[in-house]
Amino acid sequence: MQSLDRYKETPSQTAGPYVHIGLTPNFCDIGGVYETDLGAAMVNDKTKGERITVKSRVIDGSGTALRDALVEIWQADADGLYNSPSEMRGSADPNFTGWGRCPADMDTGEFVFETIKPGRVPFRDGRPQAPHISFWIVARGINLGLHTRMYFGDEEKANAEDPILQRIEHKVRVPTLIAKREGNVYTFDIHLQGEKETVFFDI
């Protein structure tokens, strides 16, 4: 019988200069891999729901937006269903991917996702969660991808009932998860350190 400690875990490394080459080759002017970078488009002209734009930056402890970060998001569709084989509550919108990937703009550090406002999904105990989008962040200097959520500033009642937001002990930090709305644009800056440090989740 083979011993369980024969193979050791590979040490984690920061997301270096190759993360964009591997995940967003067209962004790096490398053609012929994918017609378009995976995750670049989440919606089409048949997607159900309210169209929104999410703009975000990843900001370091000095207040500087990282220009070499990469963000992935995933969310439910307008009816609160995930585009996933594990979704057992019904069929998600086939015209909505539910997942997006975007590299930071190399000048401004901004991410832009064209998506739809998600519906509410149940927590493990059945209570409805507020509409939210999950974020995964990688960048140079981050050993393991960071996980957080974006909630919607115009969903005050749903946010007050959300079982995840209710579990955050220091309520002064809840606003770090709330995006501000202007027109159909939600702005959500992710702070890695400092006074406005975003709440991250151990997933």
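Position 97, counted from 1, in the sequence shown is what full-length UniProt numbering calls 97; the numbers after and before it change by one each time, with no gaps. Ideal Cβ positions, reconstructed from N, Cα and C, are used throughout, including at glycine.
Runs of the alpha helix (DSSP H) lying entirely within the stretch 107 to 178 and spanning at least 4 residues, in chain order: 156 to 161 and 163 to 166. For C102, the enclosing beta strand (DSSP E) begins and ends at W99 to P103. In summary, E35 is exposed, with fewer than 16 beta-carbon neighbours lying within 10 Å of its beta-carbon over all protein chains present.
Around the CB of I21, fewer than 16 other CB atoms lie within 10 Å, so the residue is classed as exposed. A65 is bridged by DSSP to I59.
Within the same chain, and ignoring the five residues on either side of G39 in sequence, the residues whose Cβ sits closer than 8 Å to its Cβ are E72, T97, W99, G100, R101 and C102. Excluding the 5 residues flanking it on each side, P25 has same chain C-beta neighbours closer than 8 Å at G31, V33, Y34 and D37, in chain order. The continuous stretches of beta strand (DSSP E) do not include Y34, and DSSP gives it neither H nor E.
DSSP, read as helix, strand or coil, puts L81 in coil.
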